[in-house]
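For reference, the structure is listed below as structure tokens.
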Amino acid sequence: MATLSYADNCDKTRDGYDDVFCTNKVYLSADTDLNKNYQLLRKYLNETQQKILKKSQLAWIRYRDVECSEDLKSVANIQCRLSMTQERNNWLQERLRECEAGACKTTRLSE
Numbered sequence: 001m002a003t004l005s006y007a008d009n010c011d012k013t014r015d016g017y018d019d020v021f022c023t024n025k026v027y028l029s030a031d032t033d034l035n036k037n038y039q040l041l042r043k044y045l046n047e048t049q050q051k052i053l054k055k056s057q058l059a060w061i062r063y064r065d066v067e068c069s070e071d072l073k074s075v076a077n078i079q080c081r082l083s084m085t086q087e088r089n090n091w092l093q094e095r096l097r098e099c100e101a102g103a104c105k106t107t108r109l110s111e
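Per full-length UniProt numbering, the sequence shown starts with residue 1, numbered consecutively.
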């Protein structure tokens, strides 16, 4: 139980395990946002655009997995995944803003 309370204090991590735990918490939150934004964007797209977005998203996932393929329990791996997920989240939010404004650009969905 004491270990959990230390790990939950991400301002004062004790070791690498705590660092991984804390970074992973932020990554999981970013990944949840990514999935939410992806689903929100899909609602604005027609069937063809949805297919383009899905292909782009799957390609991005493969790219992320290759770029961040270090030991899955290392801080560097989780930090890489976090950074790339945050960047992709920003990209999805930009596409979402465009579509909410009535200016969806199909060509941007394949980036």
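All residues carry an ideal CB built from backbone N, CA and C; glycine is no exception. A quick note: this is a predicted structure, and the numbers were derived from the prediction, not measured.
Can residue i and residue j be called in contact, C-beta distance under 8 Å?
i    : j   : result
Q93  : N35 : no
R81  : Y27 : yes
E111 : S56 : yes
Y44  : C10 : no
Quick one: is residue i buried, meaning 16 or more other Cβ sit within 10 Å of its Cβ, or exposed?
i    : result
T32  : exposed
R88  : buried
R14  : exposed
T85  : buried
T106 : exposed
L58  : exposed
So residue i and residue j are in contact, right, with Cβ under 8 Å, and what is the actual spacing, rounded?
i           : j   : result
residue 112 : L53 : The first residue shown for the chain is 1 and the last is 111, placing residue 112 beyond what the model contains.
C104        : Q49 : 7 Å
Could you name the residues of the same chain whose beta carbon sits closer than 6 Å to that of residue i, not counting the 5 residues immediately before and after it, in chain order?
i   : result
R64 : M84
At what residue ranges does the UniProt domain "Lysozyme inhibitor LprI-like N-terminal" (20 to 92) contain a whole run of the alpha helix (DSSP H), taking only runs of 4 or more? Entirely contained in the UniProt domain "Lysozyme inhibitor LprI-like N-terminal" (20 to 92), the alpha helix (DSSP H) runs reaching 4 residues are, in chain order, 47 to 67.
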